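**Student:**
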Amino acid sequence: MSNPMRPPRTPRPSASPCPRTTIRSGIAWSALPAVALTGALLLAGCSGTADTEPPGSTSAKMNPSPATTPTWAPVTGSPQVIPAVRSFRRADGRGWRPSPGARVVVPAGAKSNVADEAQRLAKELGGMTVVYGDQTVRPGDIEVKLSGKNGADNVPVQSTADEAYTLTASGTRLTLTAPTDAGIFYGTRTIKQAVRAAGGLPEGTIEDRPDRPQRGMSLDNARKPYTQDWIEARLREIADLKLNQFQLHFSDDQGFRIQSDTHPEVVSADHLTKAQVRQIIALARSLHISVVPELDSPGHLGAVLDHYPDLRLRNAQGRVIPGAIDISNPKAAPLIDSLLKEMSELFTNPKGAPAYWHLGGDEYQALMSSSPSTSYPQLARAARQKYGSGGTVEDLTTGWLNDRQKTVEAKGKNRIEAWNDGFFASPRVSADKNRMVDYWTGKETGKRDPASFLREGRNVMNFNDEYLYYVLGEPNQFTYPTGQRIYQSWTPMVLRGTQPVAVPASMTGPGRIPGARFAIWSDRSQAQTQQQVAAGIRLPLAALAQKTWDPRTPALSWAAFQALANRV
Numbered sequence: 037m038s039n040p041m042r043p044p045r046t047p048r049p050s051a052s053p054c055p056r057t058t059i060r061s062g063i064a065w066s067a068l069p070a071v072a073l074t075g076a077l078l079l080a081g082c083s084g085t086a087d088t089e090p091p092g093s094t095s096a097k098m099n100p101s102p103a104t105t106p107t108w109a110p111v112t113g114s115p116q117v118i119p120a121v122r123s124f125r126r127a128d129g130r131g132w133r134p135s136p137g138a139r140v141v142v143p144a145g146a147k148s149n150v151a152d153e154a155q156r157l158a159k160e161l162g163g164m165t166v167v168y169g170d171q172t173v174r175p176g177d178i179e180v181k182l183s184g185k186n187g188a189d190n191v192p193v194q195s196t197a198d199e200a201y202t203l204t205a206s207g208t209r210l211t212l213t214a215p216t217d218a219g220i221f222y223g224t225r226t227i228k229q230a231v232r233a234a235g236g237l238p239e240g241t242i243e244d245r246p247d248r249p250q251r252g253m254s255l256d257n258a259r260k261p262y263t264q265d266w267i268e269a270r271l272r273e274i275a276d277l278k279l280n281q282f283q284l285h286f287s288d289d290q291g292f293r294i295q296s297d298t299h300p301e302v303v304s305a306d307h308l309t310k311a312q313v314r315q316i317i318a319l320a321r322s323l324h325i326s327v328v329p330e331l332d333s334p335g336h337l338g339a340v341l342d343h344y345p346d347l348r349l350r351n352a353q354g355r356v357i358p359g360a361i362d363i364s365n366p367k368a369a370p371l372i373d374s375l376l377k378e379m380s381e382l383f384t385n386p387k388g389a390p391a392y393w394h395l396g397g398d399e400y401q402a403l404m405s406s407s408p409s410t411s412y413p414q415l416a417r418a419a420r421q422k423y424g425s426g427g428t429v430e431d432l433t434t435g436w437l438n439d440r441q442k443t444v445e446a447k448g449k450n451r452i453e454a455w456n457d458g459f460f461a462s463p464r465v466s467a468d469k470n471r472m473v474d475y476w477t478g479k480e481t482g483k484r485d486p487a488s489f490l491r492e493g494r495n496v497m498n499f500n501d502e503y504l505y506y507v508l509g510e511p512n513q514f515t516y517p518t519g520q521r522i523y524q525s526w527t528p529m530v531l532r533g534t535q536p537v538a539v540p541a542s543m544t545g546p547g548r549i550p551g552a553r554f555a556i557w558s559d560r561s562q563a564q565t566q567q568q569v570a571a572g573i574r575l576p577l578a579a580l581a582q583k584t585w586d587p588r589t590p591a592l593s594w595a596a597f598q599a600l601a602n603r604v
């Protein structure tokens with residue numbers, strides 16, 4: 037979203053032998069400084085019984101229990117994680133640290149829906165042993181268990197309550213409970229970060245859950261192609277920050293970046309294959325991240341229209357309008373619907389989970405004219421034919437998006453979004469009532485205050501371009517957003533500009549403003565390398581995670597938060 041006005045998982049490489057036996061040999065673990073121990077554990081996890089032994093293996097019994105309760109320097113202070121935990125009740129004790137012989141205990145068994153979360157954590161902590169079933173929880177162990185009903189793997193999250201978890205460090209043991217495996221996963225992120233930052237968790241109980249249910253990142257892969265490895269690295273990064281959405285803008289004027297079997301002619305040379313997309317989706321799902329595909333129309337279609345020149349929109353003088361499709365042409369809708377159907381089938385969703393689709397809808401040049409009906413008489417005629425003598429180009433465009441929504445809904449998509457400038461003042465046709473507004477700007481022709489969308493009953497996702505737009509090359513007076521500015525000045529209620537939206541508090545809660553996404557737009561694709569983009573978005577993503585997880589003013593100063601981000 038920027039332009040004239042503004043702009044199955046990948047197989048892991050085989051691991052080298054795990055060095056944890058070398059670390060243990062001849063060294064008293066309790067004597068290691070916290071940072072050294074932490075580094076040893078996290079870097080040692082290149083192999084381990086969680087990955088190399090079959091479920092139900094009895095080899096754990098050969099892993100001798102520590103002869104005595106493990107000893108270590110007490111873990112002090114509050115849990116050091118991003119985002120900060122919502123509640124911590126301190127208790128007397130030394131807290132919990134990883135220790136030799138410690139295990140991850142899964143009472144529900146190897147086939148339970150938390151076994152994969154336990155295995156991931158065990159590997160991240162240096163290759164700890166995972167044991168299943170009725171086991172005595174020994175000193176130093178981590179017990180992982182569901183507090184709700186056991187179900188199929190990756191139980192769909194329906195609310196922030198499903199993402200909650202409780203962590204208790206007591207008597208050198210650590211207990212993680214949650215109602216779903218998503219909550220278990222977020223608890224493991226807290227453990228992983230706390231070990232990185234401080235060597236472990238202080239004695240006491242964490243009770244944690246997010247404020248906003250939708251928290252994520254959006255990537256413009258159309259103007260600048262990003263590799264599968266880069267995308268998957270970002271998925272792991274945002275998952276560790278407890279962000280749960282990844283939007284992929286894969287089609288624009290500069291490229292169509294996913295393999296198409298129905299229209300192979302539109303696909304750019306540098307693109308993701310369907311197999312790669314499936315691997316990305318599988319990884320995202322394993323990390324409890326929902327993928328939000330975006331095929332933008334009726335604007336931003338240049339890469340498609342390069343192969344269908346007769347469908348390009350022309351003004352009254354016959355000039356081609358770059359990127360815009362002529363929605364009055366009867367061949368336009370079948371072309372876009374064909375692509376929508378194919379891509380909807382590619383971006384699958386688990387049964388019962390929200391099924392997202394982004395229609396785009398922004399910056400359709402016909403509606404950026406001072407007089408759309410005069411500048412585009414063919415659109416005006418089509419509007420009158422379809423909606424009567426009072427039909428407008430705005431009606432025709434709203435009808436176009438409503439029809440595209442029906443196309444993806446027929447393929448099972450049930451969470452539909454469009455950019456705020458894709459909601460037009462249409463006298464005869466209203467945008468589908470179930471379409472969420474993704475609010476990014478208030479600079480467009482016919483701009484609407486975000487308050488107007490909330491007052492008419494729509495939910496509004498925060499994409500505020502003042503804080504959350506990372507536009508390569510900084511065109512059109514954009515500047516790269518900073519984590520500090522997000523951390524200190526922005527909240528989900530700041531939808532446009534720098535002030536909270538002026539509506540009653542009942543309209544600004546998580547049910548109406550469900551969250552925010554940080555957007556990377558590739559307007560000047562060569563302005564930064566993929567590595568530079570990754571470095572530039574690191575702290576802004578951390579700040580976004582903090583401000584969408586916890587509604588309170590952050591306890592840490594920016595300097596302290598930045599230092600913590602560099603450790604976790």
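Count along the sequence shown starting at 1, add 36, and that's the number in this note's numbering. Just so you know, even glycine gets a beta-carbon here, dropped at the ideal spot from N, CA and C. Values in this document were obtained by computation on a predicted structure and should not be read as measured data.
#1: Let me check understanding here. Comparing Cα to Cα, which of Ser206, Thr211 and Thr196 lies closest to Lys181?
#2: Can you tell me where the alpha helix (DSSP H) holding Trp594 begins and where it ends?
#3: Evaluate Val356 with the Cβ neighbour count: other Cβ atoms within 10 Å of its Cβ, from every protein chain shown; 16 or more gives buried, anything less gives exposed.
#4: Are the CB atoms of Gly219 and Glu243 nearer to each other than 8 Å?
#5: Are Ser206 and Ala127 close, meaning C-beta to C-beta below 8 Å?
#6: Per DSSP, what kind of secondary structure is Ser287 in: helix, strand or coil?
#7: If I measure Cβ to Cβ from Pro91 and keep anything under 6 Å in the same chain, skipping five residues before and after, which residues do I get?
#8: For Gln33 versus Gly551, is the C-beta spacing smaller than 8 Å?
#9: Return the first residue and the last residue of the beta strand (DSSP E) that Tyr262 is part of.
#10: Do you know how far the Cα of Ser304 is from the Cα of Gln312?
#11: Leaving out five residues on either side along the sequence, give the residues of the same chain with a beta carbon under 6 Å from the beta carbon of Val468.
#12: Tell me which same chain residues have a C-beta within less than 6 Å of the C-beta of Val444, skipping the five on either side of it?
#13: Specify the secondary structure class of Phe489 as computed by DSSP and reduced to three states.
#14: Starting from the N-terminal side, write out each stretch of the alpha helix (DSSP H) that is 4 residues or longer and does not extend beyond the segment 406-453.
#15: Could you tell me which uninterrupted beta strand (DSSP E) segments, each at least 3 residues in length, are contained entirely in the segment 127-164, listed from first to last along the chain?
#16: Mark Ser462 as exposed unless 16 or more other C-beta atoms lie within 10 angstroms of its C-beta, in which case mark it buried.
#17: Taking just the CA atoms, how far does Glu273 sit from Ile59?
#18: What span of residues does the alpha helix (DSSP H) with Pro370 cover, start to end?
#19: So the alpha helix (DSSP H) Asp217 belongs to, where does it begin and stop?
#20: Kindly indicate which three-state DSSP category Leu347 falls into: helix, strand or coil?
#21: Along the beta strand (DSSP E) that carries Thr241, what are the first and last residues, could you check?
#22: On the premise that Glu378 lies in contact with Asn263, defined as a C-beta separation below 8 Å, what is that separation, rounded to the nearest angstrom?
#23: Does the separation of the CB atoms of Val537 and Pro486 fall below 8 Å?
#24: Quickly, what does DSSP pair Lys181 with across the bridge? List them, please.
#25: Between the segment 488-499 and the segment 510-522, are three or more C-beta pairs nearer than 8 Å?
#26: Please classify Asn456: does DSSP put it in a helix, a strand, or coil?
#27: Whole-angstrom Cβ separation of Met497 and Tyr516, contact assumed at under 8 Å?
#28: Looking only at its own chain, which residues have a Cβ that is under 8 Å from the Cβ of His307, when we skip the five neighbours before and after it?
#29: Please work out which residues of its chain come closer than 7 Å, Cβ to Cβ, to Asn351, disregarding the five sequence neighbours upstream and downstream, and give them in chain order.
#30: Apply the 10 Å Cβ neighbour rule to Ser287 and answer buried if 16 or more other Cβ atoms are within range, or exposed otherwise.
#31: Take Leu279 and list the residues in its own chain whose beta-carbon comes closer than 6 Å to its own, dropping the five residues that flank it on each side.
#32: In this structure, does DSSP put Ala360 in helix, strand or coil?
**Tutor:** According to the structure data:
#1: Within the sequence shown, residue 181 is the residue found at index 145, counting from 1. From the listed residues Ser206, Thr211 and Thr196, the smallest Cα separation to Lys181 is found for Thr211.
#2: Numbered from 1 along the sequence shown, position 558 holds the residue referred to as residue 594. Its alpha helix (DSSP H) spans residues Trp594 to Arg603.
#3: Numbered from 1 along the sequence shown, position 320 holds the residue referred to as residue 356. Val356 should be labelled exposed.
#4: Mapped onto the sequence shown, residue 219 falls at position 183. Mapped onto the sequence shown, residue 243 falls at position 207. It is not a contact, given that the beta carbons lie outside the stated cut-off.
#5: For the purposes of this step, residue 206 is taken as residue 170 along the sequence shown, with counting starting at 1. For the purposes of this step, residue 127 is taken as residue 91 along the sequence shown, with counting starting at 1. Yes, the Cβ-Cβ distance between Ser206 and Ala127 is below 8 Å.
#6: What you label residue 287 is simply residue 251 of the sequence shown in a count that begins at 1. Here Ser287 sits in strand by DSSP.
#7: Along the sequence shown, one-based indexing puts residue 91 at 55. Here the model assigns Pro91 a pLDDT of 37, short of 50, so the residue's position is not dependable and the matter cannot be decided.
#8: With the chain covering 37 to 604 only, the question about residue 33 has no answer from this structure.
#9: Residue numbering aside, residue 262 sits at position 226 when the sequence shown is read from its first letter. First-last for Tyr262: undefined, no H or E at that position.
#10: The residue you call residue 312 lines up with position 276 of the sequence shown. The residue you call residue 304 lines up with position 268 of the sequence shown. Gln312 and Ser304: Cα-Cα distance of roughly 15 Å.
#11: Within the sequence shown, residue 468 is the residue found at index 432, counting from 1. Reading off the sequence shown, one finds Asp at residue 468, where the question assumed Val. Taken in chain order, the residues that qualify are Asn438 and Gln441.
#12: Working through the sequence shown from its first residue, we reach residue 444 at position 408. Excluding residues within five positions, the ones whose Cβ falls inside 6 Å are Leu376, Ser380 and Trp393.
#13: Along the sequence shown, read from residue 1 onward, the residue named residue 489 stands at position 453. In the structure shown, Phe489 adopts helical secondary structure according to DSSP, grouped into three states.
#14: Correct list: 408-411, 413-423 and 429-445.
#15: You should have 139-142.
#16: Indexing the sequence shown from 1 puts residue 462 at position 426. Burial call: buried.
#17: The residue you call residue 59 lines up with position 23 of the sequence shown. The residue you call residue 273 lines up with position 237 of the sequence shown. Any answer about Ile59 is weak, because its pLDDT of 31 lies below 50 and its placement is not dependable; what the coordinates show is given next. Distance between the alpha carbons of Ile59 and Glu273: 27 Å.
#18: The residue you call residue 370 lines up with position 334 of the sequence shown. First-last of the alpha helix (DSSP H) with Pro370: Ala368 to Leu382.
#19: Locating residue 217 in the sequence shown gives position 181, where the first residue counts as 1. Start and end: Asp217 to Ala234.
#20: Looking up residue 347 in the sequence shown gives position 311. Reduced to three states, the DSSP call for Leu347 is helix.
#21: Stepping through the sequence shown from its first residue, residue 241 is reached at position 205. It spans Gly240 to Asp244 - the beta strand (DSSP E) in which Thr241 sits, taken as one unbroken run.
#22: Here residue 263 refers to the residue found at position 227 when the sequence shown is read from its first residue. Here residue 378 refers to the residue found at position 342 when the sequence shown is read from its first residue. Going by the sequence as given, residue 263 is Thr instead of Asn. Rounded, the Cβ-Cβ distance is 23 Å, inconsistent with contact.
#23: Taking the first residue of the sequence shown as position 1, residue 537 is located at position 501. Taking the first residue of the sequence shown as position 1, residue 486 is located at position 450. A Cβ-Cβ contact shorter than 8 Å links Val537 with Pro486.
#24: For the purposes of this step, residue 181 is taken as residue 145 along the sequence shown, with counting starting at 1. Thr213, per the DSSP bridge assignment.
#25: With the cut-off at 8 Å, the segment 488-499 and the segment 510-522 do not touch.
#26: Counting from one through the sequence shown, the residue named residue 456 turns up at place 420. In the structure shown, the three-state DSSP call for Asn456 is helix.
#27: As a working mapping, residue 497 is identified with position 461 in the sequence shown. As a working mapping, residue 516 is identified with position 480 in the sequence shown. Contact between Met497 and Tyr516 does not hold, since their C-beta atoms are separated by about 22 Å, which reaches or exceeds 8 Å.
#28: In the sequence shown, residue 307 corresponds to position 271, counting from 1. The answer, listed in chain order, is Pro261, Gly291, Phe292, Arg293, Ile294 and Gln295.
#29: Taking the first residue of the sequence shown as position 1, residue 351 is located at position 315. Result list for Asn351: Ile357, Ser411 and Tyr412, in chain order.
#30: The residue labelled residue 287 in the question sits at position 251 within the sequence shown. Under this definition Ser287 is a buried residue.
#31: By 1-based counting over the sequence shown, the position of residue 279 is 243. Taken in chain order, the residues that qualify are Arg251, Gly252 and Ala581.
#32: Your numbering for residue 360 matches position 324 in the sequence shown. Three-state DSSP puts Ala360 in a strand.
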